[in-house]
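Heads up: the structure comes next, in structure tokens.
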Amino acid sequence: FPPRVTMAALEAKEPSKPDEDLAGCRVGLYGLKGAPELNCREGVVQGSINSATGRYEVHLEAGRGADAPARIVTVKAANLRPARPSALVGRPGPFRASYDWREVLPDQALPRGLEVLSSVDENDVRPTIARIPATWKLEVTVPDSGYASRGASMPPLRMDVGARTTLQEVQAELRKHLQIQDRAPAVSGEGWPALLVDGKRLADPTMIVAYAQLFGAKVSCCTTD
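Residue numbering for the sequence shown follows our numbering, starting at 1 and increasing by one per position.
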């Protein structure tokens, strides 16, 4: 599974280079000593650096509290970092993982394998955000009945997939895994072998992984029609 990523890791990146034009970029403010209350605030750089002062004008977005209104500040390039990705608003109940960043509400448990951005700074009030990685490892178990003729248990198929990987691609890898290349599906328009996703049968070869909701599901294949 991919490692958990914290905001501390992002903040450890090299500061913006003096000769790098950040005009129009979304940035976060870090390491400010004269105005520490602005640390972790985010905004958009309004123009090129002022060569006389070595500072950028940044339009800070409004924070969550009444004491954090939108405002213009001037900041040295060394105190700017790439901003955190935008995220969908969190929803009550179990965390709904998606391929877009989503806010994690307090006390929500996260499925294994998510990418997570959180801060170790106790003064950082930004919520933790998480998403399904762009590429992750799908595991498809094979029932013993599908491999009984070999006299042994078949190991599961493990393959890298993304949101737009199709079931046809998964089925092709399964046929290689099973060493059966010429098996035709019993139903026209379906692919073989069918997948069982948390017990639900899926065989449409054009369906993509994101729509099939394979991440975090128990996935096996059905080798009998």
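A virtual CB, placed ideally from N, CA and C, is assigned to each residue, including glycine. Quick caveat, the model's predicted, so the values are computed rather than measured.
With contacts defined as CB atoms closer than 8 Å, residue 84 and residue 126 qualify as a contacting pair. With a cut-off of 8 Å on Cβ pairs, the stretch 159-166 is in contact with the stretch 203-213, counting three or more such pairs. Residue 54 has its alpha-carbon roughly 52 Å from the corresponding atom of residue 217. By the neighbour-count criterion, in which a residue is buried when 16 or more other Cβ atoms sit within 10 angstroms of its Cβ, residue 223 is buried. Pairing residue 38 with residue 114, the inter-Cα distance amounts to about 29 Å. For residue 42, the pairing in a beta bridge is given by DSSP as 28. Leaving aside the five residues that flank residue 28 on each side, the residues in its chain whose CB is nearer than 6 Å to its CB run, in chain order, 42, 81 and 83. Within its own chain, the residues whose Cβ lies closer than 7 Å to the Cβ of residue 32, once the five positions on either side in sequence are excluded, are 38, 39 and 79, listed in chain order.
DSSP lists 102 and 116 as the bridge partner or partners of residue 130.
Judged by DSSP secondary structure, residue 196 falls outside any alpha helix (DSSP H) and instead within the beta strand (DSSP E) spanning 194-197. Across the structure, residue 46 and residue 77 are spaced so that their CA atoms are roughly 13 Å apart. Ranking 50, 213 and 36 by CA distance to the CA of residue 124 puts 36 first. Sequence-distant Cβ neighbours of residue 129 in its own chain, meaning closer than 6 Å and more than five residues away, are 87, 101, 103 and 117. Shown here, residue 33 sits in coil according to DSSP, grouped into three states, outside any helix or strand.
Non-local beta-carbon contacts of residue 135 in its own chain, meaning distances under 6 Å to residues more than five positions away in sequence, involve 160 and 162 in chain order.
Rounded to whole angstroms, the Cβ separation of residue 99 and residue 74 is 37 Å, and the two are not in contact under 8 Å. Cβ neighbours of residue 92 within its own chain (closer than 7 Å, five residues either side excluded): 105. The Cβ atoms of residue 220 and residue 140 lie closer than 8 Å to each other. A straight-line Cα-Cα distance of about 24 Å links residue 25 and residue 120. Around residue 30, the same chain offers 11, 39, 40, 79, 80 and 81 as residues with beta carbons nearer than 8 Å, after the five sequence neighbours per side are excluded.
Residue 57 is bridged by DSSP to 74. Short of 8 Å from the beta carbon of residue 90, and not among the five residues preceding or following it, lie these beta carbons of its own chain, in chain order: 102, 103, 104, 105, 108 and 127.
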